[in-house]
Each structure stands twice: as C-alpha cells, then as structure tokens.
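There are 6 protein chains.
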Amino acid sequence: MSGNIVTSSTPALKADVLLEALPYIRRFVGRTVVVKYGGNALAGSSDGDALSLFAQDIVLMHAVGMKPVVVHGGGPQISALMTRLGKVTEFRNGLRVTDAETVDIARMVLVGQVNPQIVAAINVHGPLAVGVSGADAGLIVAAPRDADLGFVGDVTSVNPSIVNRLLNEDLIPVIATIGSDASGQAYNINADTVAGAIAEALGAEKLVYLTDIEGLRRVVSDAASLIRQTTPDELDALMADGTIAGGMIPKVESCVKAVRNGVGRAHILDGRIPHVLLLEVFTDDGIGTMVHGGGE
Amino acid sequence: MSGNIVTSSTPALKADVLLEALPYIRRFVGRTVVVKYGGNALAGSSDGDALSLFAQDIVLMHAVGMKPVVVHGGGPQISALMTRLGKVTEFRNGLRVTDAETVDIARMVLVGQVNPQIVAAINVHGPLAVGVSGADAGLIVAAPRDADLGFVGDVTSVNPSIVNRLLNEDLIPVIATIGSDASGQAYNINADTVAGAIAEALGAEKLVYLTDIEGLRRVVSDAASLIRQTTPDELDALMADGTIAGGMIPKVESCVKAVRNGVGRAHILDGRIPHVLLLEVFTDDGIGTMVHGGGE
Amino acid sequence: MSGNIVTSSTPALKADVLLEALPYIRRFVGRTVVVKYGGNALAGSSDGDALSLFAQDIVLMHAVGMKPVVVHGGGPQISALMTRLGKVTEFRNGLRVTDAETVDIARMVLVGQVNPQIVAAINVHGPLAVGVSGADAGLIVAAPRDADLGFVGDVTSVNPSIVNRLLNEDLIPVIATIGSDASGQAYNINADTVAGAIAEALGAEKLVYLTDIEGLRRVVSDAASLIRQTTPDELDALMADGTIAGGMIPKVESCVKAVRNGVGRAHILDGRIPHVLLLEVFTDDGIGTMVHGGGE
Amino acid sequence: MSGNIVTSSTPALKADVLLEALPYIRRFVGRTVVVKYGGNALAGSSDGDALSLFAQDIVLMHAVGMKPVVVHGGGPQISALMTRLGKVTEFRNGLRVTDAETVDIARMVLVGQVNPQIVAAINVHGPLAVGVSGADAGLIVAAPRDADLGFVGDVTSVNPSIVNRLLNEDLIPVIATIGSDASGQAYNINADTVAGAIAEALGAEKLVYLTDIEGLRRVVSDAASLIRQTTPDELDALMADGTIAGGMIPKVESCVKAVRNGVGRAHILDGRIPHVLLLEVFTDDGIGTMVHGGGE
Amino acid sequence: MSGNIVTSSTPALKADVLLEALPYIRRFVGRTVVVKYGGNALAGSSDGDALSLFAQDIVLMHAVGMKPVVVHGGGPQISALMTRLGKVTEFRNGLRVTDAETVDIARMVLVGQVNPQIVAAINVHGPLAVGVSGADAGLIVAAPRDADLGFVGDVTSVNPSIVNRLLNEDLIPVIATIGSDASGQAYNINADTVAGAIAEALGAEKLVYLTDIEGLRRVVSDAASLIRQTTPDELDALMADGTIAGGMIPKVESCVKAVRNGVGRAHILDGRIPHVLLLEVFTDDGIGTMVHGGGE
Amino acid sequence: MSGNIVTSSTPALKADVLLEALPYIRRFVGRTVVVKYGGNALAGSSDGDALSLFAQDIVLMHAVGMKPVVVHGGGPQISALMTRLGKVTEFRNGLRVTDAETVDIARMVLVGQVNPQIVAAINVHGPLAVGVSGADAGLIVAAPRDADLGFVGDVTSVNPSIVNRLLNEDLIPVIATIGSDASGQAYNINADTVAGAIAEALGAEKLVYLTDIEGLRRVVSDAASLIRQTTPDELDALMADGTIAGGMIPKVESCVKAVRNGVGRAHILDGRIPHVLLLEVFTDDGIGTMVHGGGE
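Residue numbers (the working numbering), protein chains in the order written: chain A, 373 to 668; chain B, 373 to 668; chain C, 373 to 668; chain D, 373 to 668; chain E, 373 to 668; chain F, 373 to 668.
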C-alpha cells in the first residue's frame, strides 16, 4: 500500500508496531495538528505519488481521532501559470511585486488548482476533506505589507471559526493561503506564516512543516549537527547569528512564535521521506527537528 | 444604497413596503432558497455593480432568516482563459470535448476565480459566505457522459451534508459546479443541472435561475406571451413542441424535475433587473416566470 | 395594509426601502427590545386601529429575528371600571390610595382586559403572543411603597426567567404590570418603571416608550427644541431644573437608569404616528428622542 | 400544616405513610396530571383555606416529579361581577346568551381574577405557577356554538405547545378556559370540556375533576351505590338512561372521551374533602369514582 | 410494607405526613446524599430485613428526586471468610497486617459479596442500583499507609466522574471501598474515611453514617447528653479531650472534614431504628447527631 | 512493549503496518466489539502476562475509537475457592448442582476476584474500565434452568442500557456473568451464552471468543481442516453430526445465534497467541475461525 518494497512483517512485528503507536494515539486523540504542505512537494512529484502518500498519512491521523488541518501554498504553480500567460514578474528586495492581475492569478492557482488536488487526493479515502480559502467566512484578514509591493499581504487577524466548525463535523480542512481585507480584495500571503498563525488561533497541539531538508543544523555545513530538539530561545540565537537564513526564516519564526503562544510542539520534517508524517506522529523514531517550550 | 436614482420615500411609503414584505419573511424564514447565478451575469458586469447588487439581495435574504445557497457556473470565464493559454476547443454535437488539461482549467476558473469573486462580494457585508467545490466532502459525484467528450460529466448523486452543515452554522454556501468521481478525477458539469439537483437534495423551498431573458414565453416572438405562472406539465409540452429550446432546456428541465420532486417553486427571472431577487422574494409584484406544482 | 393612503411604490423604491432596513435587521437580530405600550394609546383608539398597527410592527420585528417584549399599563381602563362599580378613589400626594378591592380591580383590568386585547391583536398574525402577569413564576416581586397608600408597590426585584424562557421559544411576551409579594398579595405598580426594570433585567438592546408627545424638549414651550439625541447626564439636569416634570418623570428616570445599567438605547416616541415603532427601528429617519450612553 | 387537628403520628406511622406513597411516586414521575378546579370551590371558600390546601397538593405533586396542570372556570365569579355591573343575563335552553360585553366580562374575571388567585396560592411555595389564557399562543381555538347564543364557543382545536413548553421548564400551568378564533375574538367555553380536551392533547396520565359530590352513583338516591371504578361503556349507559344528568354531563362526557383517547385514568373526586387530590394520588385509599379503559 | 405493626393511619394523618415531607423534598431535590452503610448492620441482620428496610429508604429518596450514593465496608464479612480459609491475622497497633492474599480476600468480599447483596436489595424495586468498586475508572486512588502494614491504604485522591455519570443517568451507585494505585494493586481502606472523601468530591448536600449507637454524647456515660446538633469546632474539642474515641474517630473526623469542605450537613444516625434514614430526611423529628457549619 | 523478542522494524515496515491497519480502523470506529475472555486464560497465566497483553489489545481498540466490551467467566477460580472452603460439588448430567452457598461463592469469585483483576489490568493504561455485574441495573435477568440444579440459570432477557451508558461515556465495561431474578436472587450462567446474548442486545459489530484451540475443524483429527470462514448453516450441520461437541457447543451456538440476529461477524480465536485480538482486528492476516452471514 505504501509503495515501498519491504520484507513482509511477521505477526509479532505487526503487534509491536501497533502497540508502539498506542501511547501516541492516546495522547493526540481529539487534538489539532496543523500540517504545512509545500507547493514544492506537490510540484516535485512527477506522478502524484508523494501527494498520495501524504494523503494516506493525513487520513490515518484522522481515522484514529486526531484533527488534522492542511495548509498549503503554491509558489511554483503560480510562477508556471504566470509564465504561460506571459506575465513577467518584477522583484523588489526579493519580494514579488504583485499587481491586481497577479493576485488574481495567485488566487486562481492556490484556490482553484493546488487546493482541489490535495482535497481530491484525500477524498479518495472518503468524503473527508473540504477546501477552504482564507477569504471564506473571514478566515484570514490581511493588510498590505508595503504600498510598493501591491497586493502582498500580512496577516492582520485569523478568525478560525469556519475551521473549528469543519473540525467539529469531523472533516479535514485544506486551507489555501489567500487573505482578504474588508473590501473583499485578495492578498497573497506567505503560506508558512499563515500556517503558524492558524495553529496559534486553533490552539493546535502540533505544527508541522514538511520541507525538502532533513532538519535544522547547528552548523550549516555539518550534516552531523542536525538538531533533534530545540527551544525558541536557541532558534532566536541561530537566526540572530545567521545560521538559519533565507527561506527557512518564515518557518522557524512561525515555529518560535507558535510554541511561545501555546502550540505544544512544532516540527520541521523532511517531506521527501515517504510517510514521514506518520513516522513522526506514531513511532518512537526521532525525525527532523522538534521545537518545544524550554520548560520541558 | 441600491445605486438607483429614486424619489425618496415618505415614512408612510416605507412602512407600506416593509409591511408588504412581512408575510413573505414569515413564510420563508428558515427555508432554503437555491439561486443559480450565471457566469454571464458576472462577465457582463463591467464594473462588478451587478454582482454587488446581487450580493445585497442574498445578504438581505439571509438577514431575515432565510437560507440562501448560491450555485454558479463560469462558461465565459473558462473560454477566456483557454484563449489566453492558446487552447483550441473542439466541439462535438455542440458539446466541448474536455481533455484533462481543459477540465483542470475549468476547475481552476470556477473554484479559483469565479467562486472567490462571489464570496468576496458577499463577505463585504460580514464573514457570511463560504466557497464550496463540488469535490468538497463528496458533494457532487459525477460520471462521464460520453467517452468521446472526455471529462464532461453527469451528476450521479448529490451528498448535501457539507451544505447542510454550513447552513446550520448560518453561513451562505457558494457552490462551484465541479463534480468528481471516486478516484478524485474532476468533471465539468452543466451548472443549471447542478443547481436543480442541489435544490432537490436540500429539499429547498425555492429554486431561482437568474437569466438574461425576461422570462419564458408561450409564443417565442410575442413579448406579450410572457408566462407568469406555469406547471411542469405545460413546460413539458412547450419543450416537446420546440417553443422552449437551446440553452433554456437545462434550466427548464431542472425546474420541472425540482418541482416534481418536492421543491416548492422554481423561478426564471431576468437577472438584468437590479435587485430582481429581492423584488421577487419580498414584494407582491409578479416577476419573470414561476413554476409551481399543478395542484395549487 | 397599513391603512394609509399612499402613492404606490415603484420596484426601485421598494428595493431601496428594504435595503435601508438591512443594516438595522442585521444589527438587531436576536436582540431584545422592550416596548412600553400605554393604556392611553389603547383607550384613545376608538376602533382598535392603533392597536392593530402596533401589533403589525411588533410582528414584523419578530419576523426578522428580534425579540420584542411588550409591557403595558391600563390606568384609564382601571378608572373606568372603578367608576362603573361605584368605587370612589382617594388621592394622597397625587397617588391613589389602593385598598384591597382596588388592587383586585386593577389586577382584573390589567391581566384580564388590557392584556388579552393586546395578545389577541398580535395573535391575529399567528400563535405568537403569550400574556404574562408579574405574578407568574415570580416575575415581579413588589413591596409596599407607603403604608398609607395600601397596595401601591415598588419593584423589589425582577426574576426574568419566565420571560427568557418564552423568548427562547420564539414567543412574544406581553406583560401586565402587576407585582406580588411572597405571600401572593398583588400590588399596583407604575408601568413605566416596570418596563425599565424588565429591560434592565433582560439586558435589552432597546427600551421604547410609546407616548402621546412628539419627544422631549429642551424648552417646554418651543417645539423646535425637540431633543433628538441625549444622554443620562443631560436628562438628570433637565429633571433637576424642572424642564422635565409630571408624568414624564417615571419614563425619563427609567430611561436614564436603563441606559446606565447596560440597555443599549432608550427611546421616547410619539405613539400617535402610525407605525412609529417600525420607522424608528428599520429606517434612517430620526424619530422622537433617543437616549444613549454619553461615550458614543 | 394541613390545618386539621390530628393525633400526631409516631415515627413508625410516618414511615408507613411515606412508603405507601412510594409506588405511586415512582409510577407517576414525569407524567402529566390535569386537574379541573371549579369556580364553585373557590367561591365557596370563605377564607381561601380550601384554595390553600389545594395549592399544597399541587405543589407536592410537582415536588415529587409529576407535571400537574390546573384548569379552572369561574361561573359564580362571572355572575357576581355581572350583577355588580347591572348586567341582566338572558337564558335560552339553559345557556346564557353571551353578548360582546358579557364575554369581555367573562374573560376579565377568568383571566384577571380567578386565574391570578390560583397562581398566587401556588406561588406562596415558590415561583412555580404561570397563568395561561386559552388565547395565549393559540392554545384553545374556538368557534361559535349557535349564532343565537353569541360568544358561547365550542373547542375547535387545542394547540398544547405553550403548555408543553412550560411543563418542560418545570413550571405549573394554570389555564383560564377562554377560547379565541382566528380574528382574536374571545369565546366563553365550558371549563369541564376544556379540561378534557387539554388532557387529551397533552396525552395526560390522569384527568381529575374536583366536584362537590362524593362521586357518581349507580342509583341516584342511594349513597351506597357510589361507583368506585367504572368504564366508558358503563358511563355511556348511565348517561343514556338518565342516571347521570345535568351539570355532571360535561364532566362525565369528558372523562369518557379522554379515557377512550389515551388518557390513563379519569377521576371524579369530592373537592370538599381536605387534600382529596393528595389522598387519591399518593395513598391506597379508594376515593371518589375512577374511570379506566375497560380492558384492565 | 415497612414490616412494623402500626395502628393504621387516617386519611388526615396521611395527608399531614406527606405535607410534612414536602419542604424536605423540595429542599433536597437533585441533591446528592452519601450514606455510609456498615458491614455490621448487614452482618447483624439475621434475615436481611434491616437491609430491605434500608433499601426502601434509598429508593424513596431516589423516587422523589434526590441522588443517593451508598458507600459500604464489610469488616465482619472479611473476618468470617478469613477464618473459613484458615488465615490468621496479625495486628500491629490495632491495624491488621494485610498481605497480598488478605487484600485479595478483602476485595473479593467487599466487591463480590457485600456489594451485590446491597445492589440486589435495591434492585428488587427496579433496575436502579449499580455496584461500583473504587478501582473502577480510577474512582479511589490509594497509597500504602505504612510499609509494615502491607496493603492498608490511605486515600490519595478521588476521581468521582464515574459516580457523577451514573448519577446523571438517574442510577444509584453502591460503592465498595477498595482503592487501587497506578499499577492496579488493590488496597483495603477505612470505609468511613472513603465515605467522607466521596461526599466531599461529589459536593454532597448530606453525608450520613448509619451506626449502632444512638448518636454522639457530650458525656459518655450520660444518655441524656446526646448531642442533637454540633459543629466541627465542638467535635474537634470532644476528640481532643477523649470524649469521642475508638471506632467513632474516622466517622467524626470525616464529618468534620466534610462539613468544613462544603458538604452541607453530616449525620450520625442509629441504624438500628427501622427507616431511620427516611425519618431523618423527610420528617421534622430530630434524630441522632447532626453536624453543620458553625455559622448557621 | 509486547514482551516478544523481535527483529526491530524499519521505518518503512512500520509505515506499512500502520497503513495496513487503516481500513480496519475506519471500518470499526464507533462499533461495538464484545470479547469473551475465559477464566481458563486467566488461570493458565502463571504471572499475569497473558492478561496484560490482552489488556493492551483492548486499550488499543479503544484508543482508535472502537467500543470494546469484555465478558468473562471464571470456572477454574470458582472451583479453586470451593475446594479451599471444603465444598464438594455434585454433578447431574454434567451440570454442577448449585445450592445457595455455591452461587454466593460463584458470585464472589466472578464479581470480586476475576472481574477486578481484568479491570485492574486495563486501568494500568488509564481510568478506562468499569466492572459490571449482570445484577447491576437489571443487565441480565435470569430464570432457573431446572429445579434439581438449584441456582443454575438461563438468560431470560438482557437490558443493555447500563452498558450503553458506559460506552457512551467512552468507558470499557467488563462484565461478570452473574444473572439475577426479580427477587434479587443470583444465578450462575454460562459465560459463553451471556457473551452472545450481550452482543445481540448491543447490536455489536463483532463477537469474539478467545479460546485455547486454534479454531474449529471440519475433521476433528485433521489440523489441516481448520475452518477459516463459515456460516451459521454449516455450523448447524457440524453440530448435528457431532463434529462440534462438548464445551464448544455454547460458543458455537452463540456465534450462530448472534450472526443470525444481526451481529456482523463472530470469531473463535486462539487466545494463546500473543495479541491475537489485535492481529485479528487490525491486520489482513487470517486468524482462527470467522462466522459470517451466508449472504456475503
């Protein structure tokens, strides 16, 4: 089922694996887990297999009583459509200048292309997932970051009631990270930041980023310096000294903020490992980098 | 507020209008009204004003306790993007051959462009509307109509539970008419047909089509033959003798089927009249064509 | 329907009036509005028409989701029956000495004559209204004001649970302002005072007095000095300097106290204007005197 | 407490009485008992003592979990006020011709005088009783019996929802037997008949008439022929042969109809015996006449 | 029914007894009453009659809406089985050394012999009682008192949720006073102490000890010094000066602690009086010793 | 954790096992599974390990949302205590003559010894299990099978409401198979039969017997004739021709009756295999004998 070639398990091995999962199932039942699934993961999957494995993990979490919430972006897919439509993007300080047409394209891709793909992959297992846009029922209220950048937005507030309602009905919300302001204008927002804000607003137990790195490192060049467990304070230091930089910043900042504001744990996992989500949640194996409150 | 220049009302006139609305408010409180809003209406609106007036009507219905559900298509918008992307459409027997890329484009436009516009127009009045795709939580299950046409689908079944859940939470569902099969494959489906199927599945009190005609006529060429009230039987006859033809067929067939299967009344209204929905629902004025069960 | 001769509205005018009402409907849905309806209004109505218009307004408020509560007195009706029964009333300091027979007559008139008339006028529109006496389920607990006056009572406490229960069942309570003490003895109580106390106990959004004046004036003799909006502090001053006096005192004192204790707004309206309640609640027209907390 | 001079009980006697009540308490918990309390009982009570004992019984039934409903008339009280007001009554075939003023007086007395007295007597024990008129929330819909009699009404239908709502809130409804038609016109209705109709509509377990006779007799002149238990069929025969006649007819007809339509048992008790209700309900003593379905 | 030979009551006497009970029924409806029933009472009853009378009292309390909870020990029964099994008990400082086999025997007797007898006696009246062990759903968590004594335990904490759940379902919990630790090991615990701890954890209105003495005395040798009412402070003094000693200590300490921690009243009653529980709860007769907070 | 020495799983193997369980988890969530645990299994376990493994399986089923119910007997334990107490058992036609003392001993062992052991083993994982006797709240009503056998009972009826209440509260009922009649007399009943009757009364999805055989065979002497799947009809034939005989009869008869009366599947498993319950429920491996309705 998982697509891997493995030696088949004996009954005793099977029992062991199931019992290894027991304490995690009991700990997380009824708890909300926000998972950020990147557009890269989706784009990099030549045939949808990675998405299918991810969907299995989400469905298993749901089946044992957790409340998974999927948050996604779609940068590569937006760029691809822009190119097809002959739009050229201007950048200022590394941020894309987003005019009205660009934000409409971004919304179209996120809400109309990436989101339905994830919903469909989950719903192969039953009518479980529901696509949600940040504009639905006022979920994500945004404001412009900088007049020169156009419709690039920051999160002003999160009204998670639509997500909570869906969770109460035992559904799996899949959230496209579009924000809107009071006039109904859409904004493009960093999906990593949105995932953290939603985890906070929901009082989630876990916030998980699926990335294309093995985890954070204490020394960038040293694979052996992989950080297994860390705290917001250490991460602040690593960002301050430049060890953590670039595209990891929004993820790590969100982990730090979320854990400081009540989210139980945040994780940076290697989304390239098949079923990494399932292994992290249900087994004793240490995977990727885990951020917890310092007091533990 | 409505954008029309009118002689201002006296208090007595105001009281009369409000009291004229009273019996309709009382009759329809708690009842579901499915409104099909066409892609044409949206496309024809140069500046969004028509959409804004429509949104006001939906919000007023909601405010007095009705449960409006908006169903929409987006044919012109799909064609426009196809053209921009250089896709040429082949037609067979008047139906567009829909390959995998075409259905993905259709989904992207309906779910990611038209739907968010309608949601945004309503949510100017508060966090009321929620976009729903037919693929969410198994809402619209579809099957291919004809192997030669590719991903053109017929409605196999409607599972309205996600819509009912949103209505129970006092939200306004806005439904993009994409269907999906058990494998998660998307299908393009006639939006008029979907609107009727959803009205039936919800046991709606009213099914309303906003069109660009004044209403149905008994004699095509005679504006004076406008049909105010009619029955499924008469409509069957008018379709059989060719009086009703072309693009009106799916609408009229859906009205006939819906009224026969328990929907209270179906209406074909002229969406070009400002606030036509509000006038139909809350005033004694006769507007467009109303279909009711013959026994009344 | 309203009994007024008016130029008939055009559809555009109708739409405008309905949309003018929209923000008020949305603001007040689910909110409690306590309306004091005077015995004078009822007595002055030669043919019940005023009562019928009033009932329409109450039913419209109810239809759009507000929770109206009617509180009434019946001084003229009590006096009329006393006269027919040959009872002569003694006054001390302007207050009627109320012996046991007088309070029984008062109760009989309020609970058995005036209250059923109002209930009947509302229930022409459906089984909506329920008559409530202040003695039901301990609603109004009273104590004697002055031993010399007999059974003239002050409100000791209000137990609004019976009213809340009826409101929760979507019914319209019509309250006769009789109080009772722990022994079951009835007391005659000023209806204006009771209306204010009930509005406070219910946490009402609005308290409305229907009177036979246009509103309060800053200069008694100057119709142009009509007060459109005022605050408890200004009203205190106007009572202190004698501008407000006589029968208006209990109404104004109750407005002041209610607004200071959490009622959103209090209104003194001219009950002689047809549908004045409806105009005040659902239109932008300024009517009568409105009391709000000074901080707005 | 009961006002009787009795030899004081020993502890053992007390235990016996309480345990004798146990099976009745368990049988009737949660069950509805409709008690018709006559205007005669109230009028005959020189000092309210009988009413006070009756109120104790109702409160005890309520305290152990039954759902008592009191229904009352007030013929003697209506006549007394008519006399004081100088109204002369015309009779036709033994029925009072009821003009508009007469029915207003009847309503005023029943709703405004008798009903509050009973409510007050019960509420000495706490905020338990709520007065209800047959016009409240459409409880008793009436139609004229005979055009020549004016506003003498027959019960057209009973809508018990307001009574059920009060019972669900653990309150004790006290019902004045005024009916009303769709226009809001009041009617005077036989209170015995109303009691039976309400018991049926509520699916009551018991219907109890408190009268001023010891019970029904098989031979009118023979006190020893008191009927302890009987069936609808036997009562039909006794009415057919004239053994039961006059004012007992509406009571007996109501008992017969109620038991045939699902009310568990109907009782005709001697309301002159102190605490007769309590003795009937909670003890093994046989009191008055009990009507049950023939099949037992 | 009660098994006593009494002069039969007159109807008036019966009414008096029932009405004497009324205020107590109203005061205690919905309130929890914890009753400690001793193993001695059960053992001393040659033919089960005492248990049967006790069960009647519990069922009557339940029937009128109270929530009785029975807590029992079983010392004599444990000793009897130990003797039959040839086990000899060693005592240290008056406490039985409890090895693993002894605690298993104790659990077997309490849970498997005494508890089912009480449950059965109650369930003669209907499916009301449910046996509960302190090990069920973590009800009583215990820790060893003293390593030398083996499995003699002290109450560490009470988790009353299982008892509350049964009470919410209108059942009568009968609790065997076995505790357990996190490993599942059982402990023998003083039943008097457990009864007090459970009353506290439930926020009971009353805690009642059925004993074989008439009540507490201020002077041990003087029957006339029976204490009718007392306070925690006085009881502290009587324990300090040795007036209260021996087996009464755990009972009195529990009464003192319970009343100080929110239990309304605690009672020490003479369980040898037939229906003593019923007399205490439902009559004005003063029985045994009542402990209340000093402030009354 | 399971106590078995196994080669440790790779992450990929772990993922496979968890995903193999997914469809079973989804199929059985919210479903009731009745598991008969034999006294033999408990008695044969020298150190409680088998019980501990069984408890893990039950807790895992509970953790993923199933509703397990444990039913147990305790024949060997009863015999052991009888021997210690010097009681000699008489047998007639293979059934033990059960006098009053014997049934008291049986109840004491089942309710007070075996039941608490199972409850304790489960509650090591949290406050999940609650011991229930068949006498609690009228769960198992019994009648004597044969006057000569004394208190050997047959199941007259099952009132599962106490079990359903505990399941609704997310607890795990552990049922001792003692029945009782209306007088409270206890009866010893075949535990296999009780398990089937309870599964039927609960409308269970599964009924599982843990035995000390590998499964049923078509030919007694041929291990290769193990029956993997069968139907009630085939089992009737195998009982008729004597292939199935002896102590298996009550189990097989109960399986047949349960499946015919709506229980989804019945299983006869080898309780000697560690975690056999878990392997049967969560893996694709075929274990023991499964009985299903013939129509599949």
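For each residue, glycine too, the CB sits at the ideal point set by N, CA and C. All values reported here derive from a predicted model rather than from experimental measurement.
Residues bridged to residue i [DSSP beta-bridge criterion]
| i | result |
| --- | --- |
| THR602 (chain E) | E:VAL663 |
| ASN560 (chain A) | A:VAL524 and A:ILE550 |
| ALA514 (chain A) | A:VAL527 |
| HIS639 (chain A) | A:VAL580 and A:MET662 |
| SER505 (chain E) | E:ALA548 |
| ARG589 (chain C) | C:LEU598 |
Nearest residue (CA-CA) to residue i, options the options
| i | options | result |
| --- | --- | --- |
| ARG399 (chain A) | A:ASP429, A:LYS386, A:VAL648 and A:MET433 | A:MET433 |
| LYS629 (chain E) | E:VAL663, E:GLN601 and E:GLY643 | E:VAL663 |
| GLY568 (chain F) | F:ARG517, F:THR583, F:ARG590 and F:VAL624 | F:VAL624 |
| PRO448 (chain F) | F:ALA563, F:LEU588, F:GLY575 and F:LYS439 | F:ALA563 |
| GLY643 (chain D) | D:ALA413, D:LEU543, D:PHE523 and D:VAL486 | D:ALA413 |
| SER555 (chain D) | C:GLY498, C:ASP526 and C:ASP608 | C:GLY498 |
| SER424 (chain D) | D:VAL491, D:GLY666 and D:VAL566 | D:VAL491 |
| VAL502 (chain F) | E:VAL648, E:VAL535 and E:ALA435 | E:VAL535 |
| ARG464 (chain F) | F:GLY437, F:GLU473, F:VAL524 and F:LEU543 | F:VAL524 |
Beta-carbon neighbours of residue i, restricted to chain B and to distances below 7 angstroms
| i | result |
| --- | --- |
| ILE534 (chain A) | VAL502 |
Within chain E, partners of residue i - CB distance below 7 angstroms
| i | result |
| --- | --- |
| ILE397 (chain D) | ALA435 and VAL436 |
Inter-residue Cα distance where the pair is residue i and residue j
| i | j | result |
| --- | --- | --- |
| THR583 (chain F) | ARG456 (chain E) | 34 angstroms |
| PRO545 (chain F) | LEU538 (chain F) | 7 angstroms |
| ILE659 (chain C) | TYR396 (chain C) | 15 angstroms |
| VAL401 (chain E) | MET620 (chain D) | 39 angstroms |
| THR549 (chain F) | LEU453 (chain F) | 17 angstroms |
| GLY506 (chain D) | GLY575 (chain C) | 30 angstroms |
| TYR559 (chain D) | GLY446 (chain D) | 14 angstroms |
Partners in chain E for residue i, counting only beta-carbon separations shorter than 8 angstroms
| i | result |
| --- | --- |
| ASP564 (chain F) | What ASP564 (chain F) touches in chain E: nothing, since even the nearest Cβ is about 21 angstroms away. |
| ARG456 (chain F) | LEU457 |
Listed by chain order, chain A residues near residue i by CB distance under 8 angstroms
| i | result |
| --- | --- |
| ASN531 (chain B) | PRO499 |
| THR655 (chain F) | PRO383 and LYS386 |
Whole-number beta carbon distance between residue j and residue i, since they are thought to touch under 8 angstroms
| i | j | result |
| --- | --- | --- |
| ALA514 (chain F) | ILE561 (chain F) | 6 angstroms |
| VAL405 (chain D) | GLU652 (chain D) | Contact doesn't hold; Cβ gap of about 10 angstroms is too wide. |
| GLY484 (chain B) | ASN495 (chain A) | That belief does not hold up - the Cβ atoms of GLY484 (chain B) and ASN495 (chain A) are roughly 18 angstroms apart, past 8 angstroms. |
Proximal residues of chain C, C-beta to C-beta of residue i below 8 angstroms
| i | result |
| --- | --- |
| SER552 (chain D) | ALA492 and ASN495 |
8 angstroms Cβ cut-off: residues of chain D touching residue i
| i | result |
| --- | --- |
| VAL389 (chain E) | SER381, LEU385, LYS386, VAL389 and LEU390 |
Neighbouring residues, chain C, relative to residue i (Cβ below 7 angstroms)
| i | result |
| --- | --- |
| GLU541 (chain D) | ARG537 |
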